[in-house]
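A quick write-up on the structure given underneath.
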Amino acid sequence: MEKVKRLKTRVWVVDNIVDKQQVYPQIREAVEWLRAGEVIAFPTETVYGLGADAANTAAVEKIFAAKGRPSDNPLIVHVASMAQAEAVAASIPPMAKTLMERFWPGPLTLVLPKRAKAVSERVTAGLPTVAVRMPDHPLALALIEASGLALAAPSANRSGRPSPTTAAHVLADLDGRIAGVIDGGPTGVGVESTVLDCSGGVPTILRPGGVTKEALIEAIGRVEEAAAVDDEAAPKAPGMKYTHYAPKAPLWIVAGPPAFLQRLVDESRAEGKTVGVLTTEENRDQYAADVVLPCGTRQALETVASRLYDTLRRFDETNVDLIYSEAFPEEGIGAAIMNRLRKAAGGRAISEQRK
């Protein structure tokens with residue numbers, strides 16, 4: 001049975017970063033806990049991360065325990081400088097340096113050959129590579145810089161749950177399981193970073209995210225996409241293998257017009273089920289369901305990305321029996337949205353052609 005030491009989770013609120021060079025008292029206190037081997041949640045531009053000293057195995061173990069995370073799922077190491085990246089990676093190919101100059105700080109994680117003994121083996125799940133990124137959030141960068149530590153930091157939620165985009169989401173999942181959370185308000189991008197394998201051969205997207213495939217191709221040319229990981233294989237990056245981001249009710253992705261989705265709603269309600277619909281502002285009035293929650297607008301898919309996890313969590317408050325979600329175009333940030341929805345749905349999908 002999982003053992004987690006019950007903690008009094010502290011909340012440090014930092015409303016506005018006026019001076020990026022100033023080390024705020026809340027940051028200093030959080031740094032003390034990190035240096036003592038505890039885990040601290042903090043905001044990034046994507047989602048809230050759950051950070052610990054990447055070189056401290058005992059501290060990293062607390063991440064896995066707090067989240068209930070599978071042990072073969074590697075963690076991303078967050079850095080605040082090129083020097084820190086070079087300290088954990090054995091080498092950085094010229095192509096990776098080009099990407100760092102173009103997209104760092106930002107929502108791009110690069111998988112590189114790891115430097116021996118630079119981080120805990122638990123961070124890399126025993127793989128010969130390490131995933132590294134520099135977050136584009138003043139609080140995240142201030143925390144890393146003040147601590148002097150490279151921070152291993154997956155999303156700050158219970159494993160399998162929707163990722164947290166507010167401190168309230170973190171506390172809903174991890175209150176009493178972690179030492180503290182820095183509350184910097186809602187995050188911006190809303191879905192995790194893109195993970196790109198640069199450890200050898202053609203750069204390969206292991207997980208779509210905040211930097212689009214189109215932007216990567218523009219920067220470096222050819223980019224491939226990884227095949228799905230089967231149950232026996234070890235994932236090379238987080239978000240590749242397991243069901244993630246799932247609300248409590250079963251989620252189905254529906255490819256087809258609103259009239260087709262409404263027919264599915266009607267059939268389920270006729271069976272006595274309480275039904276939710278995840279839609280957009282454009283289509284919210286198209287549905288007669290028990291719960292209809294718009295998630296951004298199709299005219300700007302980045303708004304869907306930024307609100308996706310919050311919307312999935314809001315369904316948990318409604319006690320619906322199942323959720324039907326509209327599908328989205330898979331260009332640009334839409335690829336990340338659909339990746340997260342497929343993980344949340346556990347592969348459950350219905351198309352008008354197959355019905």
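Read in order, the letters of the sequence shown are residues 1 to 355 in full-length UniProt numbering.
Virtual Cβ for every residue (Gly too), placed ideally from N, Cα, C.
Boundaries of the beta strand (DSSP E) in which residue i is found, first to last residue
| i | result |
| --- | --- |
| TRP252 | 251 to 255 |
| ARG102 | Element bounds for ARG102: not the beta strand (DSSP E) but the alpha helix (DSSP H), 94 to 103. |
| THR194 | 194 to 197 |
| ASP183 | 180 to 183 |
| VAL111 | 108 to 113 |
| ALA80 | From DSSP, ALA80 is part of no beta strand (DSSP E); its letter is neither H nor E. |
| ASN163 | The amino acid at residue 163 is misidentified as Asn; the sequence shows Ser. First-last for SER163: undefined, no H or E at that position. |
| ARG207 | 204 to 207 |
| SER351 | 349 to 351 |
Euclidean distance between Cα positions of residue i and residue j
| i | j | result |
| --- | --- | --- |
| ALA140 | GLN84 | 14 Å |
| ASN319 | GLU86 | 48 Å |
| LEU50 | ASP136 | 16 Å |
| LEU261 | ARG340 | 20 Å |
| ASP285 | TRP104 | 40 Å |
| VAL47 | THR165 | 5 Å |
| GLY188 | GLU29 | 25 Å |
| PRO128 | ALA152 | 16 Å |
| ARG314 | ASP15 | 24 Å |
| ALA65 | VAL202 | 35 Å |
| GLY190 | LEU108 | 14 Å |
| VAL31 | GLY210 | 27 Å |
| residue 415 | GLU267 | Look at the range of the chain in this structure, 1 to 355, and you will see that residue 415 is not part of it. |
| LEU293 | ALA118 | 45 Å |
| ALA131 | LEU143 | 19 Å |
| ARG10 | ILE27 | 12 Å |
| GLU61 | ILE40 | 13 Å |
| GLY276 | LEU322 | 6 Å |
| VAL181 | ALA259 | 43 Å |
| ILE205 | LEU312 | 25 Å |
| LYS213 | ARG222 | 10 Å |
| GLU2 | ARG177 | Unreliable positioning characterises GLU2 in this predicted model, as indicated by a pLDDT of 48, which lies under 50. The coordinate reading is nonetheless provided below. About 12 Å. |
| GLY200 | ALA226 | 13 Å |
| residue 358 | GLY185 | No statement about residue 358 is possible, as the shown extent of the chain runs from 1 to 355 and does not include it. |
| ALA59 | ARG122 | 10 Å |
| PRO25 | TYR287 | 49 Å |
| ASP183 | LEU301 | 26 Å |
| LYS248 | GLU317 | 10 Å |
| TYR324 | GLU271 | 15 Å |
| LEU34 | ASP290 | 45 Å |
| LEU112 | SER120 | 15 Å |
| residue 366 | PHE42 | In the structure as shown, the chain starts at 1 and stops at 355, and residue 366 therefore has no counterpart that could be examined. |
| residue 361 | ALA336 | As displayed, the chain neither begins before 1 nor continues past 355, which places residue 361 out of reach and without an answer. |
Where residue i falls: helix, strand or coil (DSSP)
| i | result |
| --- | --- |
| TRP12 | strand |
| GLU334 | Reading the sequence as shown, one finds Gly at residue 334 and not Glu. Residue state, collapsed to three classes: helix. |
| HIS169 | helix |
| LEU174 | helix |
| VAL88 | helix |
| LEU149 | coil |
| THR124 | helix |
| ALA215 | helix |
| ARG342 | helix |
| LEU7 | coil |
| ALA41 | strand |
| PRO138 | helix |
| GLU2 | Confidence is the limiting factor: at GLU2 the pLDDT is only 48, short of 50, which leaves the residue's position unreliable, though a coordinate-based value still follows. Here GLU2 sits in coil by DSSP. |
Endpoints, alpha helix (DSSP H) assigned at residue i
| i | result |
| --- | --- |
| GLU32 | 25 to 35 |
| TYR48 | Unbroken run through TYR48 is the beta strand (DSSP E), 48 to 53; no alpha helix (DSSP H). |
| PHE64 | 57 to 67 |
| TYR309 | 301 to 316 |
| VAL130 | Note, VAL130: premise wrong, no alpha helix (DSSP H); beta strand (DSSP E) at 129 to 133. |
| GLU326 | Unbroken run through GLU326 is the beta strand (DSSP E), 322 to 326; no alpha helix (DSSP H). |
heavy atom of the ligand SAM below 8 Å from residue i C-beta
| i | result |
| --- | --- |
| LEU264 | Of the ligands one can find in the structure shown there are none, so the ligand SAM has no counterpart to examine. |
Stretch-stretch touch, CB-based, cutoff 8 Å, three pairs: the segment 273 to 282 with the segment 191 to 202: No, the segment 273 to 282 does not touch the segment 191 to 202.
Sequence ranges, alpha helix (DSSP H) only - wholly within the segment 253 to 292, length at least 4: Here the runs fully enclosed are 258 to 270.
Segment contact, 8 Å Cβ cut-off, at least three pairs: the segment 67 to 87 with the segment 211 to 219: At 8 Å Cβ cutoff, the stretches do not touch.
Validate contact between the segment 326 to 336 and the segment 57 to 71 using beta carbons, cut 8 Å, 3 pairs: Contact between the segment 326 to 336 and the segment 57 to 71 is absent: fewer than 3 CB-CB pairs across the two stretches fall below 8 Å.
contact_flag[the segment 54 to 63, the segment 141 to 151] where n(CB pairs < 8 Å) is 3 or more: Short answer: they touch.
Stretch-stretch touch, CB-based, cutoff 8 Å, three pairs: the segment 244 to 251 with the segment 162 to 177: Yes, since at least three Cβ pairs between the segment 244 to 251 and the segment 162 to 177 fall closer than 8 Å, the two stretches touch.
The segment 344 to 352 contacting the segment 250 to 257, beta-carbon criterion three pairs below 8 Å: Result yes; three or more Cβ-Cβ pairs closer than 8 Å.
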